[in-house]
Each structure stands twice: as structure tokens, then as C-alpha cells.
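Undergrad:
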Amino acid sequence: MDGSAGPGGGNVNEFLRNYKIGKTLGIGSFGKVKIADHVLTGQKVAIKILNRSKMNIMKMEEKVRREIEILKMFMHHHVIRLYEVVETSTDIYMVMEYAENGDLFDYIAQKGRLQENEARTFFQQIISGVEYCHKTMVAHRDLKPENILLDSKKSVKIADFGLSSNMRDGHLLNTSCGSPNYAAPEVISGKSYVGPEVDVWSCGIILYALLCGSLPFDDVNTPQLFRKMKAGIYTFPSHLSPDTRDLITRLIVVDPMKRMTIPEMRQHPWFKVGLPRYLAMPPTNTLQQIDVDILQEVVNRGFDKNQLIESLSNRVQNEGTVTYYLLLDNRFCVSTGYFGAEFQETNDSSLNHIHSGEVASPVGGHCFSENMDYQGVGMRHQFPVERKWTLCLKSQAQPHEIMTEVLKALEQLNVYWEQIGPYKMKCRRDVGILGHHGGMVNNYVVLFKVQRDNGEIEKRREKGENREGERERERERRKFKRKTISRNLIFS
Numbered sequence: 022m023d024g025s026a027g028p029g030g031g032n033v034n035e036f037l038r039n040y041k042i043g044k045t046l047g048i049g050s051f052g053k054v055k056i057a058d059h060v061l062t063g064q065k066v067a068i069k070i071l072n073r074s075k076m077n078i079m080k081m082e083e084k085v086r087r088e089i090e091i092l093k094m095f096m097h098h099h100v101i102r103l104y105e106v107v108e109t110s111t112d113i114y115m116v117m118e119y120a121e122n123g124d125l126f127d128y129i130a131q132k133g134r135l136q137e138n139e140a141r142t143f144f145q146q147i148i149s150g151v152e153y154c155h156k157t158m159v160a161h162r163d164l165k166p167e168n169i170l171l172d173s174k175k176s177v178k179i180a181d182f183g184l185s186s187n188m189r190d191g192h193l194l195n196t197s198c199g200s201p202n203y204a205a206p207e208v209i210s211g212k213s214y215v216g217p218e219v220d221v222w223s224c225g226i227i228l229y230a231l232l233c234g235s236l237p238f239d240d241v242n243t244p245q246l247f248r249k250m251k252a253g254i255y256t257f258p259s260h261l262s263p264d265t266r267d268l269i270t271r272l273i274v275v276d277p278m279k280r281m282t283i284p285e286m287r288q289h290p291w292f293k294v295g296l297p298r299y300l301a302m303p304p305t306n307t308l309q310q311i312d313v314d315i316l317q318e319v320v321n322r323g324f325d326k327n328q329l330i331e332s333l334s335n336r337v338q339n340e341g342t343v344t345y346y347l348l349l350d351n352r353f354c355v356s357t358g359y360f361g362a363e364f365q366e367t368n369d370s371s372l373n374h375i376h377s378g379e380v381a382s383p384v385g386g387h388c389f390s391e392n393m394d395y396q397g398v399g400m401r402h403q404f405p406v407e408r409k410w411t412l413c414l415k416s417q418a419q420p421h422e423i424m425t426e427v428l429k430a431l432e433q434l435n436v437y438w439e440q441i442g443p444y445k446m447k448c449r450r451d452v453g454i455l456g457h458h459g460g461m462v463n464n465y466v467v468l469f470k471v472q473r474d475n476g477e478i479e480k481r482r483e484k485g486e487n488r489e490g491e492r493e494r495e496r497e498r499r500k501f502k503r504k505t506i507s508r509n510l511i512f513s
């Protein structure tokens, strides 16, 4: 076997022969989820069966397509895995990682508020997955306990990327979406945002819920809820430690420019306690390892080795690669931990010799590396490319006042600059890693005048984005009201 059939559009009967379909796990408005066993490996998976006609009636096909394309890019231990997609004229089948222990909301509802160490373990894993998404240029925009699943080892799996968006250099997002209690103030206010900062706010709300068993902002009246969130006033229960309070107050900050970033979060004393070694290193999105032992297991099942390696290198979906990833994920699940270091705490001194280009090898096997492009499926391997971010800010101050503040900030950061024009500068900064000289990084600072319409600064919006955002927002309001009635055991 070579498993070289193209992704999607394959024969559904041939596809279903690879799985032993079991009971229904859940039924949604336009589909259902069934548990299944993968015949070749015996591993359990969850199969989403989505009805095309119902999706079209509810205008949800675009959301499903977005989720599929985004999940195809991802390969991280704390982000839900999409193994395979098969489409027919009537249905879309999505074969996904099976999360045996349900979602984090139900877990909190059953246990009440969590002990600090358990909450910290969950939060460290959530941040690792969210940081990976951001490095892959994706903002989740709907982070909440219901969208965080738990596998058989209670390991976090971030799921439901239907409201996610690809981030582009120099472009801001405008859609007001997500769940009311977890959305950032700038999102519910209809302001432009970059993406990572709104996920950080949601992570702060999740951390509060983990430790307190309640939400910092809550009200059955949505406008009143939004007023509370925009004011940013909330209280802490007495049992929280000083470090915990400090971290939460840095995450739940109304001003997104003052909100803590994930790299800053990683340096916080509370976050670093008991941090597993594999989480201590920021995730990479340019390098993928092929495990030789797992590769040989798949070959022993009748697949051609060379074709399998080529398929893995090019991120092609077929029977061989599905088998490989199921076996690979099972190894991480049953071993002592992901990369063999789940329960080993970070030793800061040991990281002094680890550089950004180095990747640890999985325990119990040998690996060789393939350079991968995580921005698309089926792309040839390329050299890692460092992404350049463009930060866009808007202000109604006078141009000379803006430039004065910019120069003050650059001076504090020890940035050198050369003035090219009245409102354009070329900046240079020495970037070092762990105290070593890292070379010069060049950036440009440019001040633009934007057109005004009736006294309002003109915003760039993608076609249809506002209408879609309003529809999503109304659906989430109704969904939240129903959930508040039936699941208000902890959020009261």
C-alpha cells in the first residue's frame, strides 16, 4: 500500500472501511459526532459528520471551511488534531483526535474551583497551544472552557477554530465575535485589533474561572455585562495568592497596549512554577520531525517507505500519514510525557545552551528533521523564514506629538534611528539571545494620515466581515443565555 490517494473527495466507502464506527457522542444543529476505532492502529478517533444541506441553510459552510483549513496547518500536542477530511456530495467527514474526558467547563463544574497546582498545569498547556497558534499566524478569538478539551491523561486540547482568523502583517481585524463573557473589551466595542491580545484577555478570564469557579464579569443582561467589562472592575476571592492575583491583573487589562503578552507571561513567577521542560521552550512552526521508529511501524503495516516519507514531508493526507500520526500521538499519550518530559520541571540553567533552532527528540526513538511550511498543506519543504510583524496604531493627536512620543519610546528601548523624512525613520536595534550578540534588526517607523469620514477615522474591513460578525455575535448571545440557565452551577 502507498496510501497515495488525494485528500478529500475520496470514495467514502473505502474511507469508512478504515474505521469501525461506534456510538454517537453528540448531535449538533447540522451534524453529529461519532466515536470510531481506526482499524490499522486500534486508536480511537472522533468523526464529525456534517450535513452539507443543513450547513447551507444555516450559512455555516464558510465557518466549517475556515476551521478545516486552519486545523490542517496545526501540529501541536495541545491543539486538537485533524487527521483526515473526506467529502461527499451530501456530507463532510472530519476525523479528529478523541478527547475522552470532555471539556474543561464540565471538569470545573464537577470539581468546583481547582487547586492552584492543577489550575497552573492546565493554564501552562493552554498558553503553549495558544502561543503556537499565534506563531502560525492564527488568532483563535473564541477561547473559553467549553472549547478546551481533555484527553485520557487530562492533557489540554484547544478546539473549535470556527471563529478563528488568519493574521496578516500590517492588517487589523475588526470582527466582533466570540462568547460575551470571554471576549476582550476592544472586540465587543467593535474596535480594530491585531489578534494575540484578545486571546490573552480570554486566557486571563479562563485562569480566573479555573481558580475561582466563577467569572470576573457576569450579568444576565448583556449590555450591563459589556459595561462591566469595559470598566474592567472585578474582585478577587480571599484564597488567591499574591502571585496569582498579580498575574490575573496583568492579563485582564482593558487597555490592550498595557495587557501582558505571552512572552512576558512566560517570565512571570507564578507561571514558571513546575513548568515541564517541553513547555519551557516556545513552540516552533518551521521544523517537523519524522520519527524513524514510528515510520518503520507504518512500513511494517504494508506502506511504501519512500512514498510515506514524501507524503509526510509535503503534509499530504492519505491512509499512510493518518496511520503515522495516530501511532505518533499514541506514543506521546502512553509515555511518561510529551517529548519524555511531562513531569520534569524546568531547570533554567539547562536552557542557557538551548537555542531557537534546536528541537528535542522524542523519547525512545531516533528522529530526522524535515523543514516544513506550516502555512499550507502540500507545500515543498523550505528553509525557515522569520516573519516580520507590522504594528498599526491609530491616534487623533497631532503628528509632531505622536513622533515625540515614538522617539521617547525608542530611546528607552536603546534603538538607533535615522530620519529619512519628516514622518519616516529607519530604526536599528541589537537583538541578543541570552546575553549574546544576536545581530542588528532593521525596522521602519512611518506616520500616515488617514482619511476621515464624518469625523470618524476610516477603518479597513474585509467584505462581509461585519455582517458575519453580527450574526455570530447574536448566535453566541442566544447560546450563552441557554447555557446560563442550564449550566450556571459555577458561573453564578
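For what it's worth, this note's numbering labels the leading residue of the sequence shown as 22, then goes sequentially. By construction, the Cβ of each residue, glycine as well, lies at the ideal position given by its N, Cα and C atoms. Small disclaimer: the values here were computed from a predicted structure and weren't measured.
For P201 and C224, I'd like the C-alpha separation in whole angstroms.
TA: Whole-angstrom Cα-Cα distance: 14 Å.
Undergrad: Whole beta strand (DSSP E) runs in the stretch 233 to 320 with 3 or more residues, listed along the chain?
TA: Segments of the beta strand (DSSP E) lying fully in the stretch 233 to 320: 308 to 312.
Undergrad: Does the Cβ of N168 have 16 or more other Cβ atoms within 10 Å, making it buried, or fewer, making it exposed?
TA: Its Cβ being crowded by 16 or more others within 10 Å, N168 is buried.
Undergrad: What first and last residue would you give for the alpha helix (DSSP H) that runs through A430?
TA: Note, A430: alpha helix (DSSP H), P420 to Q433.
Undergrad: At a cut of 8 Å, does the stretch 136 to 149 reach the stretch 191 to 198 through at least three beta carbon pairs?
TA: Short answer: they don't touch.
Undergrad: Any chance you could list the beta strand (DSSP E) runs of at least 3 consecutive residues sitting entirely within the stretch 45 to 109, in chain order?
TA: Entirely contained in the stretch 45 to 109, the beta strand (DSSP E) runs reaching 3 residues are, in chain order, 52 to 59, 65 to 72 and 103 to 108.
Undergrad: With distances taken Cα to Cα, identify the nearest neighbour of D172 among M278, E118 and K429.
TA: Here the closest residue by C-alpha is E118.
Undergrad: Using the C-alpha atoms, what's the distance from M302 back to Q328?
TA: Going by the C-alpha atoms only, they are around 32 Å apart.
Undergrad: Between which two residues does the alpha helix (DSSP H) holding Y128 run?
TA: Segment L125 to K132, the alpha helix (DSSP H) holding Y128.
Undergrad: K178 and H59 - do their beta-carbons sit closer together than 8 Å?
TA: In this structure, K178 does not lie closer than 8 Å to H59 by Cβ.
Undergrad: Note the first and the last residue of the continuous alpha helix (DSSP H) segment covering G150.
TA: Start and end: E137 to K156.
Undergrad: Can you say whether M446 is buried or exposed, counting buried as having 16 or more other CB atoms within 10 angstroms of its CB?
TA: M446 is buried by the Cβ-count criterion.
Undergrad: CA-CA distance, F36 and E340?
TA: Going from the Cα of F36 to the Cα of E340 covers about 9 Å.
Undergrad: Specify, as a first and last residue, the run of the beta strand (DSSP E) that L171 falls within.
TA: Per DSSP, L171 belongs to the beta strand (DSSP E) from I169 to L171.
Undergrad: Taking the alpha carbon of K249 as the point to measure from, which residue in G234, L228, L468 and V274 has its own alpha carbon closest?
TA: Among G234, L228, L468 and V274, the Cα nearest to that of K249 is on V274.
Undergrad: Taking only the alpha-carbon atoms, compute the straight-line gap between E315 and V159 and give it to the nearest angstrom.
TA: Before going further, note that residue 315 is Ile rather than Glu in the sequence given. Each residue's Cα considered, the two are about 29 Å apart.
Undergrad: Alpha carbon to alpha carbon, what distance is there between K55 and D325?
TA: Going by the C-alpha atoms only, they are around 31 Å apart.
Undergrad: For R86, does the count of other Cβ atoms within 10 angstroms reach 16, so buried, or fall short, so exposed?
TA: Its Cβ having fewer than 16 others within 10 Å, R86 is exposed.
Undergrad: Is it true that the CB of A57 sits closer than 8 Å to the CB of I48?
TA: Cβ distance not < 8 Å, so I48 and A57 don't count as in contact.
Undergrad: Tell me which same chain residues have a C-beta within less than 8 Å of the C-beta of D240, skipping the five on either side of it?
TA: For D240, where only same-chain residues beyond five positions count, the Cβ hits under 8 Å are L246 and K249.
Undergrad: Assign R449 to one of three DSSP states: helix, strand, or coil.
TA: DSSP places R449 in strand when its eight states are reduced to three.
Undergrad: Would you grab the beta carbon distance between H260 and P217 for me? Rounded to a whole angstrom, and I think it's under 8 Å.
TA: With a Cβ gap of about 30 Å, H260 and P217 do not count as contacting.
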